[in-house]
Amino acid sequence: MTAKRLRRIGRLALACAGLALVSIPNGMKFTGYLLLGTLAIWYCGMYLHRWGKRSRRGQACYRVFLAGLGLGIVCLAGIEAAVVFRGEADNSAIPVDAVIVLGAGVNGETPSAALWSRIRAAEDYLEIHPDVPVVLSGGQGAGEAISEAEAMRRALWKEDRAENARLLLEERSTNTAENFRFSKALLEEWGLDTGTATIAVVTNDFHCFRAHMIARRQGLKTIDVPAELPWWWLTANYYLREAFAVVKTSLFDLN
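Residue numbers (numbering that gives the first Met the number 0): 0 to 254.
See the structure below:
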């Protein structure tokens, strides 16, 4: 099989896989769009390569294209490495003054896979830290019959346990920045000095790096409590997406 035919098969495989992942509601849409974007870059490179064979201007544009592509790959690889490293931290032994559990999607009244993983991680962590306030943070979005905070409260609630009183519900937030802003206000109402307190943040491992970045902008000192998703393909999808989300947060989400 010739190299030209192999390249054609590769482009066809990218197109089919990308369209399949985008069209099937399986939580993998970002990977689908990424594959289609890769295909678009491939075709752009092919066009510039052919143009470069015909003119000096085309050759210069092709070199700029390759340089930009290489720089982009290096930068994204560096961000991805930081995201992965942050998500593997074990901070369970560090003393904390409060806990914030960040919400994720709810299907009707049933927590999504991402939210269940956070609930399980929070449950384990709260067993080790029984005497600190816990903010369950997450509002109610489209397709959700209850708020994300309420879904977490139901899962963590223990019958006849006095410690249920430490579960504080934050049900207004619609994104991570609001999670921290409104949770910070609740903890201050509780009597916590959030300027000096150390706060454990329970979220998925792929989300730890960006969550820490956003919390720091709001003056919070946090440590990570990473929760793992049950399926590796979802984890890979979200880790890929998170590198781009970090870039977006760094450049545009300044609040």
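For glycine and all other residues, C-beta sits at the position ideal for the given N, C-alpha and C.
What residues in its chain sit with their C-beta under 6 Å from that of Glu143, if we drop five residues either side in the sequence? The answer, listed in chain order, is Val105.
- prompt: Can you name the start and end residues of the beta strand (DSSP E) that Ala224 belongs to?
  reply: Reading off the sequence, residue 224 comes out as Val, not Ala. 220–226 is the span of the beta strand (DSSP E), which, as asked, contains Val224.
| query | Which term fits Asp223, buried or exposed, when burial requires 16 or more other beta carbons within 10 angstroms of its beta carbon? | reply | buried
> When we look at the beta-carbon of Thr195 and count the other beta-carbons within 10 Å, is it buried (16 or more) or exposed?
Replying inline: Burial is judged here by how many other beta carbons sit within 10 angstroms of a residue's own beta carbon; Thr195 has fewer than 16 and is exposed.
Given a cut-off of 8 Å on the beta-carbon distance, is the pair Gly77 and Tyr61 in contact?
Cβ distance not < 8 Å, so Gly77 and Tyr61 don't count as in contact.
ask   = By how many angstroms is the C-alpha of Ser54 removed from the C-alpha of Trp231?
value = Spanning the two alpha carbons is a distance of roughly 47 Å.
### Query
Would you say Gly137 and Ala148 are within 8 Å of each other, going by their C-beta atoms?
Ala148 is positioned such that its CB atom lies closer than 8 Å to that of Gly137.
Checklist entry - What is the residue span of the alpha helix (DSSP H) that Ala88 lies within? => result Where Ala88 is concerned, there is no enclosing alpha helix (DSSP H), given that its DSSP letter is neither H nor E.
- Query: Ends of the beta strand (DSSP E) at Ser11?
  - Reply: Going by the sequence as given, residue 11 is Leu instead of Ser. Element bounds for Leu11: not the beta strand (DSSP E) but the alpha helix (DSSP H), 2–22.
query = When the distance is taken between beta carbons, is Tyr238 closer than 8 Å to Glu79?
reply = yes
| task | Kindly indicate the opening and closing residues of the alpha helix (DSSP H) around Ile40. | result | 28–53
Residues near His211 by beta carbon distance below 8 Å, same chain, minus five either side: Arg85, Val200, Thr221, Asp223
Exercise for review: Rounded to whole angstroms, what's the CA-CA distance from Arg215 to Leu68? Just pull it up for me.
Suggested key: 31 Å
* With 16 other Cβ atoms within 10 Å as the buried cut-off, status of Asp89 -> Per the 10 Å Cβ criterion, exposed.
ask   = What's the C-alpha gap between Ala112 and Val21?
value = In this model, Ala112 and Val21 are separated by some 19 Å (Cα to Cα).
- prompt: What did DSSP end up calling Thr195 once you bin it into helix, strand or coil?
  reply: coil
**Prompt:** Taking DSSP as the reference, what is the three-state secondary structure of Ser136?
**Reply:** strand
* Cutoff 7 Å; reference Phe29; Cβ partners in own chain excluding five residues on either side -> Answer for Phe29: Asn236, Leu239, Arg240, listed in chain order.
- Do the CB positions of Leu34 and Ala16 come within less than 8 Å of each other? yes
Need the endpoints of the beta strand (DSSP E) that Ala97 sits in, please.
97–101
Could you pull the start and end residues of the alpha helix (DSSP H) that Glu149 belongs to?
147–155
| query | Which residues does DSSP pair with Glu143 in a beta bridge? | reply | Gly107
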